[in-house]
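Protein chains in written order, with my numbering: chain A, 4 to 282; chain B, 38 to 452.
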């Protein structure tokens, strides 16, 4: 069993996201480590790209801060090696950075270096299943998982194409649009979950989840995990704005992570009751 | 060459978020049925509107004074006379009409110089579609008249403040809107860039330029030109002008890029002070397709620069990049200063004020006419009214040799 599968094996998985190097290298290390203390089961660690077309304004802001602070693919791998965490790490980035790394002209150099640094899998928002073959092969060769996103618009043949390629977990996009925290949850997560119900990988729902209650409802709706990015990046952004010390921001992140993880656990507990109270 | 797979050699493809893929597949299907197979008479409808609303065909004009100056025949394809003042309407009208046939009820677009935005706004008013145009903050300041024109035609203009606030950021922002509203919205991309089918489809809407020009050349000159030149940013007027000449192997094709202030790049700052993607770019993935891009060693996209905002883009159409790789098209570039001189030269010698974009191609002929053969076809892709403020400022700052004295008219604000 891979490290990512194992992370989903006992109980609902909490999968937080942060951009590596936001707002600077040292603080960011402590923020990612705080997520693990707060209960993270898998961590999605963003490698910032200059044209993040799938991100909303919150994560765009994180990417701009990290790039300005000097994050590069090479620094990113050092960052992963410097991290003191035990949970599996998923690298979230855009295809051009993967393609250009090393000798360039293909994804293999990037995947080899990432695997050596301790990355367990990848999610690449601008790489649909149609173009993923070279990355899929490199992942197989280096023992990494390749996570795909299923959107509310993904139907029919496209679902089957993604199912045949996905490993680790499937990222179920809860609503259309870009990443970003919301105060209410879209009902489209449930529809999308139904469409992947038969898949033999864990289902993790993301896009718009910002509270423990959201996390609980997503798990009650049948998800195996919750992915949270913008609500955590907001905490980092707020810290930058107010000039708070890194240790304060880290403890806020740990608290938010705990709230989200506990929400997910409540959802799982509700699912185990014979007659769910929720209608 | 025009394949249904959307690949041009290694270039092209569909590198977009999963949420957009179903819309891209729907568009592929619509492109094949309506554009390639003329289903429901779509192409007939399109051509009739291009004639009645757009004013096509545009003339092919012999430039007598330029011909005399260079001692060879120079012909101008006058896309500046198309409704709206640039070739952009060909594509905008085609796509908005296609969106209508597809049953979409909202249009979004990005714009750099504002020419694509104004063309899309005009097409939307003409066809009764709501329209929102994303435009970089910096470009809004550089191209105020075009912002007013879009507003006059009823379009919303939304400023994009991320990054340097030019075309690259506007495209990213429009893709985000599309990912959110994909079910009822069509994204009218402004050039032969983006995921398949956009590069092929936009080329096919712009192809009318070379269909007309090739026929007009034979009619007027009795022969094909020795060389065909036009400016290249994303490459839509370029592919439109070249499409029908590609099989004519005896005709040399030149894509004139913006050399900006220098071809050197500043890796530390992430800035390329030019937009010469075909001349200096390397293979990468940007905005949905694999093509040549201006990027640093890590693959981060550079901020490009040109005095003409319509050429100011870090990518280029995948088909054009492939034609350059194959040696069928020659990529050359012209710096800001000679482009400004070209602007003044065409204004003074031919009574045509060209867009700064087109002025790059005009300038290339000045320096290199001896290598361009006896008969030259030069595309004037747009008119220069939108650039007057920029030209006033830049001409003053740079001390352009052939510029007229304009201090008197510069206004009390001075420069």
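Ideal placement from N, C-alpha and C gives every residue a C-beta, glycine not left out.
Any C-beta of chain A under 8 Å from that of residue i
i	result
residue 292 (chain B)	no
residue 213 (chain B)	yes
residue 338 (chain B)	yes
residue 237 (chain B)	no
residue 205 (chain B)	yes
residue 180 (chain B)	no
residue 40 (chain B)	In this prediction, residue 40 (chain B) scores a pLDDT of 48, lower than 50, which makes its location untrustworthy; the coordinate-derived value is nonetheless stated afterwards. Not an interface residue.
residue 56 (chain B)	yes
residue 216 (chain B)	yes
residue 209 (chain B)	yes
residue 50 (chain B)	yes
residue 53 (chain B)	yes
residue 196 (chain B)	no
Status (buried if at least 16 other CB within 10 Å, exposed otherwise) for residue i
i	result
residue 339 (chain B)	buried
residue 255 (chain B)	exposed
residue 43 (chain A)	buried
residue 260 (chain A)	buried
residue 381 (chain B)	buried
residue 305 (chain B)	exposed
residue 220 (chain A)	buried
residue 348 (chain B)	buried
residue 451 (chain B)	Note that residue 451 (chain B) has pLDDT 42, beneath the 50 cutoff, so the model's placement of it is unreliable and the number below is only indicative. Residue 451 (chain B) should be labelled exposed.
residue 94 (chain B)	buried
residue 231 (chain A)	buried
residue 178 (chain B)	exposed
residue 167 (chain B)	exposed
residue 18 (chain A)	buried
residue 75 (chain A)	buried
residue 250 (chain A)	exposed
residue 125 (chain A)	buried
residue 205 (chain B)	buried
residue 103 (chain B)	buried
residue 101 (chain B)	exposed
residue 282 (chain A)	Bear in mind that the predicted position of residue 282 (chain A) carries a pLDDT of just 47, short of 50, making it unreliable; the figure below should be weighed with that in mind. It is exposed - the Cβ of residue 282 (chain A) has fewer than 16 other Cβ atoms within 10 Å.
residue 392 (chain B)	buried
residue 373 (chain B)	buried
Within 8 Å, strictly: CB atoms of residue i and residue j
i	j	result
residue 207 (chain B)	residue 148 (chain B)	yes
residue 20 (chain A)	residue 49 (chain A)	yes
residue 376 (chain B)	residue 397 (chain B)	yes
residue 412 (chain B)	residue 110 (chain B)	yes
residue 184 (chain A)	residue 91 (chain A)	no
residue 328 (chain B)	residue 48 (chain B)	yes
residue 63 (chain B)	residue 419 (chain B)	no
residue 126 (chain B)	residue 91 (chain B)	yes
residue 219 (chain B)	residue 179 (chain A)	yes
residue 403 (chain B)	residue 379 (chain B)	yes
residue 25 (chain A)	residue 57 (chain A)	no
residue 62 (chain A)	residue 55 (chain A)	yes
residue 225 (chain B)	residue 236 (chain B)	no
residue 153 (chain B)	residue 227 (chain B)	yes
Min CB distance residue i to chain B below 8 Å
i	result
residue 208 (chain A)	no
residue 158 (chain A)	yes
residue 130 (chain A)	yes
residue 277 (chain A)	no
residue 199 (chain A)	no
residue 180 (chain A)	yes
residue 111 (chain A)	no
residue 154 (chain A)	yes
residue 161 (chain A)	yes
residue 148 (chain A)	no
residue 76 (chain A)	yes
Any non-hydrogen atom of the ligand GDP within 7 Å of residue i CB
i	result
residue 113 (chain B)	Questions concerning the ligand GDP fall outside what the structure shown contains, since it holds no ligand whatsoever.
Selection of the region 307-327 of chain B by Cβ proximity to chain A, strictly under 9 Å: Along the region 307-327 of chain B, going in chain order, the ones with a CB nearer than 9 Å to a CB of chain A are 307, 319, 320, 321, 322, 323, 324, 325, 327.
The region 39-56 of chain A: positions lying closer than 8 Å to chain B by Cβ: If you check each beta-carbon in the region 39-56 of chain A against every beta-carbon of chain B, the ones closer than 8 Å belong to 52, 53, 54, 55, 56.
Whole beta strand (DSSP E) elements within the region 87-147 of chain A, 3-residue minimum: Segments of the beta strand (DSSP E) lying fully in the region 87-147 of chain A: 92-95, 124-126.
Length at least 3, wholly inside the region 247-280 of chain A: the beta strand (DSSP E) runs in chain order: Counting whole runs of 3 or more residues, the region 247-280 of chain A contains no beta strand (DSSP E) stretch at all.
Runs of alpha helix (DSSP H) wholly within the region 193-256 of chain A (minimum 4 residues, chain order): Qualifying alpha helix (DSSP H) stretches, in chain order: 215-223, 233-245.
Contacting positions in the region 342-354 of chain B - beta carbon closer than 8 Å to chain A: Nothing from the region 342-354 of chain B brings a Cβ to less than 8 Å from some Cβ of chain A.
Members of the region 80-105 of chain A near chain B, C-beta cut-off 9 Å: Within the region 80-105 of chain A, the residues whose Cβ lies closer than 9 Å to some Cβ of chain B are 97, 98, 99, 100, 101, 102, 103, 104, listed in chain order.
Chain B contacts made by the region 213-242 of chain A, where a contact means CB separation under 8 Å: The residues in question: there are none.
Uninterrupted alpha helix (DSSP H) stretches inside the region 244-309 of chain B (no shorter than 4 residues): Within the region 244-309 of chain B, the complete alpha helix (DSSP H) runs of at least 4 residues are 245-258, 273-279.
Runs of alpha helix (DSSP H) wholly within the region 321-351 of chain B (minimum 4 residues, chain order): Entirely contained in the region 321-351 of chain B, not one alpha helix (DSSP H) run reaches 4 residues.
Secondary structure, alpha helix (DSSP H): runs of 4+ residues fully inside the region 165-197 of chain B: Counting whole runs of 4 or more residues, the region 165-197 of chain B contains the alpha helix (DSSP H) stretches 174-179, 181-189.
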